[in-house]
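Letter by letter, the sequence shown follows residues 29 to 241 in our numbering. Ideal Cβ placement from N, Cα and C applies to all residues, glycine included. Quick caveat, the model's predicted, so the values are computed rather than measured.
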Amino acid sequence: MNATLELHYPKPSLFKLTAAIVMASAITFALFVMMQKLIAFDGEDLTQPRLSPIIELTSDFKENPLIERPRPKPMPEPLPHPEKTLRIIEQTPDDKTLFVNYTPDLKIQDPGLPNNTLLALDDSQAIPVVRMEPKYPIDAARAGIEGWVKLLFSIDILGQVQDIQVIEAQPARIFDREAKRALAKWKYKPQVVAGVPQAQQGLMVQLDFKLDQ
Numbered sequence: 029m030n031a032t033l034e035l036h037y038p039k040p041s042l043f044k045l046t047a048a049i050v051m052a053s054a055i056t057f058a059l060f061v062m063m064q065k066l067i068a069f070d071g072e073d074l075t076q077p078r079l080s081p082i083i084e085l086t087s088d089f090k091e092n093p094l095i096e097r098p099r100p101k102p103m104p105e106p107l108p109h110p111e112k113t114l115r116i117i118e119q120t121p122d123d124k125t126l127f128v129n130y131t132p133d134l135k136i137q138d139p140g141l142p143n144n145t146l147l148a149l150d151d152s153q154a155i156p157v158v159r160m161e162p163k164y165p166i167d168a169a170r171a172g173i174e175g176w177v178k179l180l181f182s183i184d185i186l187g188q189v190q191d192i193q194v195i196e197a198q199p200a201r202i203f204d205r206e207a208k209r210a211l212a213k214w215k216y217k218p219q220v221v222a223g224v225p226q227a228q229q230g231l232m233v234q235l236d237f238k239l240d241q
């Protein structure tokens, strides 16, 4: 007895066949695109670096040209201070004008007085013990101007000069300030009356300003 073996295979469906065809077409297209990209990439020069764009910044700033400042002129050498002559007017004791060369006399008391009696000074006028010469104004010295200033002043019981006033000057207002400044530095031995120092008012002095010829 002969036996026959028959194999039965299921027939593929139409849907599966269509899906396989579409998938194969998509894979083929993708491979084709990739090949094109590789070919284009191989054609580029890989040794040539890419250049970045250069951006230049400009501004409207303009440098100001250097301005040369004029050099200062050298200062003229100061003129030497001219020597000054100071003259004090001496007048009679009747008015209250200063006596410069006055020297008080010493008088011994009467022999009938006790031996231990001290020597006494007569009443005396004020005597300058410190005198400062005035400075000669530079402008007046350059112009060759000479003149004098008459001053009125007072002294206190300590011999300090105060209340200085200009009563007359020739020429006017040229030497006034220096004359007053110098007189303010004078120091006097005050007038003594009965052994007591006295303040004095109304004293006068004239300061002359003369240039050596």
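query: Keeping to the same chain, check which residues put their C-beta closer than 7 angstroms to that of E206; ignore five residues upstream and five downstream.; result: P162, K163, P165
query: In the structure shown, what three-state DSSP assignment does L239 receive?; result: coil
query: Out of I183, Q228, G175, which one is the CA nearest neighbour of P199?; result: G175
query: If L239 and G172 are in contact, beta carbons under 8 angstroms, what's the gap, nearest whole angstrom?; result: 7 angstroms
query: Taking just the CA atoms, how far does M51 sit from L42?; result: 15 angstroms
query: Give the DSSP-derived three-state secondary structure of K208 in the structure shown.; result: helix
query: With respect to the beta strand (DSSP E) encompassing D184, which residues constitute its N-terminal and C-terminal limits?; result: Taken as a continuous stretch (DSSP letters only), D184 belongs to no beta strand (DSSP E), as it is neither H nor E.
query: For the beta strand (DSSP E) containing L155, list its first residue and its last residue.; result: Per the sequence shown, residue 155 should be read as Ile rather than Leu. Unbroken beta strand (DSSP E) run through I155: 155-158.
query: Is L179 buried or exposed, if buried means 16 or more other CB atoms sit within 10 Å of its CB?; result: buried
query: Run through DSSP, which three-state label would A48 get?; result: helix
query: Comparing C-alpha positions only, which one of I195, R159, T46, R201 sits nearest to G230?; result: I195
query: Distance check for R170 and K217, CA to CA, integer angstroms please.; result: 37 angstroms
query: Alpha carbons only, please: which of R99, P102, V189 is nearest the one belonging to K242?; result: Outside the displayed range of the chain (29 to 241) lies residue 242, so it cannot be described from this structure.
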